[in-house]
Structure formats: C-alpha cells, structure tokens
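**Q** Just dropping this structure here.
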Amino acid sequence: MSTNEIEHLITVLGRLPGLGPRSGRRIALALLRRRTTLLDPLRDALTAVSERVVECPLCGNLDTCTPCRLCTDERRDAGLLCVVRDVADLWALERGGEFRGRYFVLGGLLSALDGVRPEDLGFERLYARAAEETVREVILALPATVEGQTTAHVIADHLEALGRPVTSLAQGVPVGGELDYLDDGTLSAALRARRPV
Amino acid sequence: MNDLTDTGIVLAASPHGEHAALVTLFTRSTGLYTGYVPGGQSRKIRGFLQLGTFVNARWRTRIEGRMGTLELEPLPGIPSPLLADRTRLAGTASMLSLVRQFLAERDPFPGLHDATAATLENLLQARTDTMTWAADVARWECLLLAETGFGLDTHRCALTGTREELAWISPHTGRAASRAAGQPWSDRLLPLPPFLLSTTLPSSPGELLQGFRLSGHFLARIETHTASGARSPLPSARTRFLCRLSTELGAV
Numbered sequence: 001m002s003t004n005e006i007e008h009l010i011t012v013l014g015r016l017p018g019l020g021p022r023s024g025r026r027i028a029l030a031l032l033r034r035r036t037t038l039l040d041p042l043r044d045a046l047t048a049v050s051e052r053v054v055e056c057p058l059c060g061n062l063d064t065c066t067p068c069r070l071c072t073d074e075r076r077d078a079g080l081l082c083v084v085r086d087v088a089d090l091w092a093l094e095r096g097g098e099f100r101g102r103y104f105v106l107g108g109l110l111s112a113l114d115g116v117r118p119e120d121l122g123f124e125r126l127y128a129r130a131a132e133e134t135v136r137e138v139i140l141a142l143p144a145t146v147e148g149q150t151t152a153h154v155i156a157d158h159l160e161a162l163g164r165p166v167t168s169l170a171q172g173v174p175v176g177g178e179l180d181y182l183d184d185g186t187l188s189a190a191l192r193a194r195r196p197v
Numbered sequence: 001m002n003d004l005t006d007t008g009i010v011l012a013a014s015p016h017g018e019h020a021a022l023v024t025l026f027t028r029s030t031g032l033y034t035g036y037v038p039g040g041q042s043r044k045i046r047g048f049l050q051l052g053t054f055v056n057a058r059w060r061t062r063i064e065g066r067m068g069t070l071e072l073e074p075l076p077g078i079p080s081p082l083l084a085d086r087t088r089l090a091g092t093a094s095m096l097s098l099v100r101q102f103l104a105e106r107d108p109f110p111g112l113h114d115a116t117a118a119t120l121e122n123l124l125q126a127r128t129d130t131m132t133w134a135a136d137v138a139r140w141e142c143l144l145l146a147e148t149g150f151g152l153d154t155h156r157c158a159l160t161g162t163r164e165e166l167a168w169i170s171p172h173t174g175r176a177a178s179r180a181a182g183q184p185w186s187d188r189l190l191p192l193p194p195f196l197l198s199t200t201l202p203s204s205p206g207e208l209l210q211g212f213r214l215s216g217h218f219l220a221r222i223e224t225h226t227a228s229g230a231r232s233p234l235p236s237a238r239t240r241f242l243c244r245l246s247t248e249l250g251a252v
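Which chain is which? The protein sequence lines are Z and P, in order. Sequence positions in the first sequence follow the UniProt record's numbering and run 1 to 197. Sequence positions in the second sequence follow the UniProt record's numbering and run 1 to 252.
In structure tokens form, the structure reads like this:
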C-alpha cells in the first residue's frame with residue numbers, strides 16, 4: 001500500500017496533460033527508483049521554474065527575466081508585431097526561425113458562445129502596443145477557425161481605424177500536402193488565395 | 001439502447017479530457033443536443049468542428065437522459081464558413097449564438113432548424129449579395145421570435161382590422177398597426193419595414209437595419225439567464241454583426 005505522499009504525487013502527476021492515474025503511478029515509481037538521476041534534477045528544475053519564470057509584461061511570453069529576452073533582443077525588428085493566441089503558438093513560430101520581429105500573446109480567443117469578450121482578453125494593451133511609433137505592421141497569426149478569425153477581424157477593424165497595416169497568415173496547401181487529402185475548406189481558401197507562378 | 005441519426009449544425013465544441021470533445025448541435029428532430037465525441041480533438045475531426053458546419057450525426061446512449069456519444073461526419077457540398085469575410089462570419093456567429101441562447105436543450109424546432117439551415121447556406125454562398133442574405137437573417141430573427149412564442153402579430157391592424165399598409169408595431173404588444181391608424185402614435189410605435197412581410201429586398205440599408213432594430217427590441221425582452229442566474233443580455237456577436245453590417249453597407 002502506498003503512503004499518502006506517494007498517493008499525492010501520483011494524483012498530481014495524473015493531472016498533467018496526456019497523463020492519467022496509470023501513467024502517474026508509472027512515473028512516480030520511475031522517479032522513486034532513480035532518485036539521483038531523475039527525482040532530484042526534476043525537483044530542482046521545478047523549483048527553479050516556479051521561483052524564476054514570470055510572464056513578460058510587454059508581450060505575455062514566459063521567461064526568467066522581465067521584459068523577456070524576445071522583447072529586449074536588439075537584433076529583432078521592433079517594427080513587426082506578431083499577435084498569437086498563446087505561448088504555445090509563440091514557441092511554434094520561434095521553432096520555425098523565420099520570424100524575427102516582436103510578439104504579443106492574447107491569452108485566448110473571442111467566443112460568442114462562451115461569452116469571451118474583448119475586455120476579457122486585454123485588447124487595450126495590444127492596441128496601445130500597436131499604436132507605438134516603432135510598429136510598422138501587425139501580423140495576426142491566429143488559428144484558421146471561426147473563433148480565431150472572428151478575433152482577427154475585431155482586432156483588424158480597430159487597428160485599421162488607427163491607420164496601422166494589418167496582415168494575417170496565408171491559408172492553403174501545406175508544404176508536402178497532396179490535394180487529394182485536403183478538406184474542402186482548405187482547398188477553397190487555397191483557390192481564393194492563388195497567386196501568379 | 002437509444003440510437004438517433006440526424007443532420008445538425010455545429011453550435012459549440014469544447015475540449016474534454018485529452019482527446020475527446022463535447023459538441024453541441026442544433027439538430028432537426030431533437031433541437032439542441034450536446035454529446036461526447038471520442039477523438040474530437042484529433043486533426044481529422046477538429047477541422048470540421050467549427051461553428052456553422054453542417055454534419056451528419058449519429059447519437060447513441062444506453063440510458064435515456066444521459067449525454068450520449070456522437071459520431072459525426074461533415075456533410076459534403078455545403079460551403080464551410082467563409083473565414084475571410086468579416087460580415088458573413090459575424091452573421092453566422094450572431095445567428096448561432098441566438099439559437100444557443102434562446103432554445104432549450106432537447107426541444108425540437110424542425111421549422112426553425114430548416115430555416116436556419118437555408119439562411120446559413122444562402123449566407124455562406126460567396127455570390128449572394130449582402131442585402132439579400134442580411135434580409136434573410138432579419139426575417140429569420142422574426143421567425144425565431146415566433147417559434148419561441150414571442151412572434152409579432154402582423155396579420156392585421158390591431159386598431160382597424162385592415163390587412164393593408166401595415167407600417168407600425170407596438171413595442172409592448174408586438175401587434176401591427178396600419179400606416180394611417182398608427183400615425184397619431186408614430187413617436188411611440190416601431191416602424192415595420194415592408195421587407196419583413198414579404199420576400200422582397202429592403203429598399204435601403206436603413207430599412208434593413210430598421211428590421212434588425214425591430215427584432216432586437218423583442219429579442220431583448222425575452223428573459224434568458226446565465227448559469228449563475230443573472231439575466232443574459234443579447235449576445236455580443238449580434239452587436240458585432242450589426243456594427244459590421246452598418247459599416248459594409250455604409251449606413252453609419
């Protein structure tokens with residue numbers, strides 16, 4: 001029979017994304033069997049993250065310094081502001097290595113049905129950031145879903161009134177994609193966005 | 001075992017656990033329905049779990065009254081929401097948020113379902129011009145009022161009984177009045193735009209927006225409540241839609 005501490009560890013591990021009670025038990029056992037190589041480094045890493053990682057007040061990214069490294073990096077183009085839904089999307093764009101501008105993390109999307117309104121998402125901070133003189137273009141890198149595009153349209157309406165150029169990511173055939181496997185919506189978006197070869 | 005097959009319109013989808021989703025549909029035979037979709041967060045399924053998508057749904061449950069499991073497949077040949085068109089997307093969101101707010105779960109509204117499907121199909125066809133589909137949406141809002149028991153009485157004038165030249169609606173009773181009989185109270189009555197009584201197009205953007213003001217007045221009077229018991233205002237999606245529509249038609 002497990003002790004309360006081990007049961008608690010299993011419960012907490014089981015709440016992590018992709019895991020359940022069974023995986024929680026497996027991980028707890030692995031940690032307890034390899035204390036020096038797994039448990040202690042994991043404890044140190046968790047403590048460090050808990051104590052040092054903060055949300056950047058400028059862009060909403062997570063980092064150990066404030067403002068974050070992306071906001072203070074002089075080599076990045078401060079004229080390009082990319083708006084993303086959450087930190088996971090920011091990391092996805094950074095993995096690509098193509099974008100060298102600055103970011104703004106919205107923290108969610110507008111949802112008429114779930115009652116998420118512009119004031120719930122801190123749009124005012126985004127508008128203030130976009131109104132800075134250094135910003136030349138705002139790129140809306142939001143999901144190609146109804147909620148993502150509704151959010152993009154609301155932001156675009158406001159920023160266009162401010163006279164800021166607003167662009168969004170293209171939609172269409174992915175690299176390596178075969179037409180036969182694409183859904184109807186993606187194919188029609190690709191046809192609408194066709195360009196000269 | 002309860003087993004139902006029907007066509008539906010996706011109203012909402014939210015993640016449930018790691019892989020599944022809870023999906024709310026507006027179906028023809030059973031009205032609003034929420035079901036558990038195994039694998040609802042997979043790439044294959046989540047692509048079409050978007051507001052306004054038309055699906056074939058098979059709902060199964062072993063015990064009556066339980067949520068049940070949904071198997072969904074998108075209906076071919078029906079356009080997906082026009083994500084790049086601001087006004088059409090806002091119109092879709094407005095209609096479906098009104099459905100979600102005003103209809104009770106598992107209460108069938110086959111007439112309203114058919115009208116919703118027809119209006120959405122028309123709205124999502126890129127070649128339909130804005131005045132045409134927006135007039136359909138205004139008529140659909142009046143139908144929503146009628147189906148929920150708050151319909152406007154536009155059969156005859158409440159004052160004279162005539163069926164000709166109906167031009168006003170009482171903001172209190174929802175009954176129509178003819179142009180001449182209602183004239184002395186015109187400052188207290190709501191204008192009834194002629195396009196709401198026929199299939200003709202509104203003569204101007206102003207007349208179209210008058211139709212939305214009329215339906216909005218009566219929709220706002222229906223009391224609906226949030227989960228916490230507070231009174232729900234009209235959905236913000238409707239306000240955004242009317243704002244977009246006014247901008248597009250140059251009526252601001």
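Ideal Cβ positions, reconstructed from N, Cα and C, are used throughout, including at glycine.
With a 10 Å radius around its C-beta and 16 neighbouring C-beta atoms as the bar for buried, classify ASN4 (chain Z) as buried or exposed.
**A** Exposed: under 16 other Cβ atoms inside 10 Å.
**Q** Contact criterion: CB-CB distance below 8 Å. Does GLU147 (chain P) meet it with respect to chain Z?
**A** Closer than 8 Å: no.
**Q** For a quick check, are the C-beta atoms of ALA193 (chain Z) and GLY172 (chain Z) less than 8 Å apart?
**A** Yes. Within cutoff.
**Q** Mark SER64 (chain P) as exposed unless 16 or more other C-beta atoms lie within 10 angstroms of its C-beta, in which case mark it buried.
**A** The sequence given here places Glu at residue 64 (chain P); Ser does not occur at that position. It counts as exposed.
**Q** With which residues is ASN56 (chain P) paired in a DSSP beta bridge?
**A** In DSSP, ASN56 (chain P) forms a bridge with P:THR7 and P:GLU73.
**Q** In chain order, what residues of the same chain have a beta carbon less than 6 Å from the beta carbon of PRO194 (chain P), not counting five sequence neighbours either side?
**A** The answer is none, since no qualifying residue turns up.
**Q** Taking the alpha helix (DSSP H) that ALA131 (chain Z) falls in, what are its first and last residues?
**A** Unbroken run through ALA131 (chain Z): none, as it is neither H nor E.
**Q** Quick one: which chain P residues come within Cβ less than 7 Å of THR145 (chain Z)?
**A** Residues of chain P passing the Cβ test: GLN50.
**Q** Count the other CB atoms within 10 Å of the CB of LEU16 (chain Z); is the residue buried (16 or more) or exposed (fewer)?
**A** Result: exposed.
**Q** So, for HIS158 (chain Z): in the same chain, excluding its five sequence neighbours on each side, which residues have a beta-carbon less than 8 Å away from its beta-carbon?
**A** For HIS158 (chain Z), where only same-chain residues beyond five positions count, the Cβ hits under 8 Å are PHE123 and TYR127.
**Q** Could you tell me whether any Cβ in chain P is nearer than 8 Å to the Cβ of MET1 (chain Z)?
**A** Note that MET1 (chain Z) has pLDDT 49, beneath the 50 cutoff, so the model's placement of it is unreliable and no number is given.
**Q** According to DSSP, is ALA177 (chain P) part of a helix, a strand, or is it coil?
**A** Note: ALA177 (chain P) maps to strand in three-state DSSP.
**Q** ASP40 (chain Z) versus chain P: which residues are under 8 Å apart at the beta carbon?
**A** Under the 8 Å cutoff, chain P gives no residues; its nearest Cβ is about 29 Å from ASP40 (chain Z).
**Q** Could you check whether the region 158 to 168 of chain P touches the region 180 to 189 of chain P, counting it as contact only if at least three pairs of C-beta atoms, one from each stretch, sit closer than 8 Å?
**A** As far as the Cβ criterion goes, the region 158 to 168 of chain P touches the region 180 to 189 of chain P, which means the pair count is three or higher.
**Q** Is there a Cβ from chain Z that is less than 8 Å from the Cβ of ALA57 (chain P)?
**A** By this cut-off, ALA57 (chain P) is not an interface position.
**Q** DSSP puts VAL83 (chain Z) in a beta bridge; with which residues?
**A** BP columns for VAL83 (chain Z) point to Z:PHE104 and Z:LEU140.
**Q** Run the CB neighbour count on PRO235 (chain P), radius 10 Å, all protein chains shown included, and call it buried at 16 or more, exposed below.
**A** Buried, by the Cβ-count rule.
**Q** Whether or not the region 81 to 100 of chain Z and the region 133 to 140 of chain Z are in contact is what I'm after, with contact meaning three or more pairs of Cβ atoms, one per stretch, closer than 8 Å; do they touch?
**A** In short, these stretches touch, since the Cβ pair count reaches three.
**Q** DSSP three-state call for ARG231 (chain P): helix, strand or coil?
**A** ARG231 (chain P): strand per DSSP, three-state reduction.
**Q** By alpha-carbon positions, which one of Z:ALA131, Z:VAL175 and Z:LEU109 ends up nearest to residue 199 (chain Z)?
**A** As shown, chain Z starts at 1 and ends at 197. That puts residue 199 (chain Z) outside it, with no answer to give.
**Q** So, does the CB of GLU18 (chain P) fall closer than 8 Å to a CB anywhere in chain Z?
**A** Taking Cβ atoms only, chain Z reaches closer than 8 Å to GLU18 (chain P), which makes this a yes.
**Q** Is there a Cβ from chain Z that is less than 8 Å from the Cβ of LEU83 (chain P)?
**A** With 8 Å as the cut-off, LEU83 (chain P) counts as an interface residue toward chain Z.
**Q** Could you spell out the range, first to last residue, of the beta strand (DSSP E) harbouring GLY68 (chain P)?
**A** No beta strand (DSSP E) contains GLY68 (chain P), which DSSP labels as neither H nor E.
**Q** Going by DSSP, what residue range makes up the alpha helix (DSSP H) through THR92 (chain P)?
**A** Unbroken alpha helix (DSSP H) run through THR92 (chain P): 86 to 102.
**Q** Run the CB neighbour count on THR151 (chain Z), radius 10 Å, all protein chains shown included, and call it buried at 16 or more, exposed below.
**A** THR151 (chain Z) is buried by the Cβ-count criterion.
**Q** What separation, rounded to the nearest whole angstrom, lies between the Cα atoms of SER204 (chain P) and GLY250 (chain P)?
**A** Distance between the alpha carbons of SER204 (chain P) and GLY250 (chain P) is about 11 Å.
**Q** If we cut at 8 Å on Cβ distances, does residue 252 (chain Z) have a partner in chain P?
**A** Since the first residue of chain Z shown is 1 and the last is 197, residue 252 (chain Z) is not available in this structure.
**Q** On the DSSP bridge list, what partners appear for ILE169 (chain P)?
**A** In the DSSP output, where bridge partners are listed per residue, ILE169 (chain P) has P:ALA176 and P:LEU190.
**Q** For SER23 (chain Z), which option in Z:THR11, Z:ARG52, Z:ASP184 and Z:CYS59 has the closest C-alpha, if you only look at C-alpha atoms?
**A** Comparing Cα-Cα distances from SER23 (chain Z) to each of Z:THR11, Z:ARG52, Z:ASP184 and Z:CYS59, the minimum goes to Z:THR11.
**Q** Are ALA141 (chain Z) and LEU191 (chain Z) touching if we call contact CB-CB under 8 Å?
**A** In this structure, LEU191 (chain Z) does not lie closer than 8 Å to ALA141 (chain Z) by Cβ.
**Q** If THR7 (chain P) sits next to LEU75 (chain P), beta carbons under 8 Å apart, how far is it from one beta carbon to the other, in whole angstroms?
**A** So it is a contact: roughly 7 Å between Cβ atoms.
**Q** Taking Cβ to Cβ, would you say ALA30 (chain Z) is nearer than 8 Å to LEU42 (chain Z)?
**A** For ALA30 (chain Z) and LEU42 (chain Z), no; Cβs fall outside 8 Å.
**Q** Compare the C-alpha of VAL99 (chain P) against each of P:GLY206, P:ALA134, P:GLY52 and P:THR87 and name the closest.
**A** Of the listed residues, the one whose Cα sits closest to VAL99 (chain P) is P:GLY52.
**Q** What is the DSSP secondary structure of MET1 (chain Z), reduced to helix, strand or coil?
**A** Residue placement at MET1 (chain Z) cannot be trusted, given a pLDDT of 49 that sits under 50; what the coordinates show is reported in the next sentence. Coil.
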